[in-house]
Amino acid sequence: MDNERLSRFDNLHILFWLIKDMSWCLMSKTVGTIMIIPTVAVALIILYRSRAHLSSFIHNLSVLFWIAANSLWMLGEMYCADCTKPYAIWIFVGGTSILLGFYLFSFMRRLNGR
Numbered sequence: 058m059d060n061e062r063l064s065r066f067d068n069l070h071i072l073f074w075l076i077k078d079m080s081w082c083l084m085s086k087t088v089g090t091i092m093i094i095p096t097v098a099v100a101l102i103i104l105y106r107s108r109a110h111l112s113s114f115i116h117n118l119s120v121l122f123w124i125a126a127n128s129l130w131m132l133g134e135m136y137c138a139d140c141t142k143p144y145a146i147w148i149f150v151g152g153t154s155i156l157l158g159f160y161l162f163s164f165m166r167r168l169n170g171r
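Residue 58 is where the sequence shown starts when you use this note's numbering, and the numbers rise one by one after that.
In structure tokens, the structure reads:
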């Protein structure tokens, strides 16, 4: 996929994400819940398409964790008085850990001259 098409696809992903989060702010349960599906689906497609480039793949994997945690948190606020936040935190930690591990690995490689 060329860069322009990929960029448009990324922009579509942002649109879905914004609609999902706006629905969350407005407490529009149906729209917010439905928008999880295209938001996660496009994130998975972007992740798959970035698999050949380690840095992009790791960053997109972290974004997928972020969307998953964000969606779980949203569902908890909408449907069960914030009962999912403790679980969402762990997903956020997972995505952050993946990214921190990648940066640490990259830093160590540079220190070793590779």
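All C-beta atoms in this analysis are idealised placements derived from N, C-alpha and C, irrespective of residue type, glycine included. Because the structure is a prediction, the values reported are computed rather than measured.
In this chain, the alpha helix (DSSP H) harbouring asparagine 117 covers 111-136. Judged by their CB atoms, isoleucine 103 and methionine 92 are not nearer to each other than the 8 Å cut-off.
Under the criterion of beta carbons closer than 8 Å, isoleucine 115 and leucine 156 qualify as touching, at roughly 7 Å.
Distance check between methionine 131 and each of Phe73, Asn68 and Gly89 places Gly89 closest, using alpha-carbon atoms only. If you look at leucine 101, you'll find it in the alpha helix (DSSP H) that goes 86-106. In the pairwise beta carbon analysis, the region 136-149 is classified as not touching the region 107-114: fewer than three pairs are separated by under 8 Å. The three-state secondary structure of asparagine 169, taken from DSSP, is coil.
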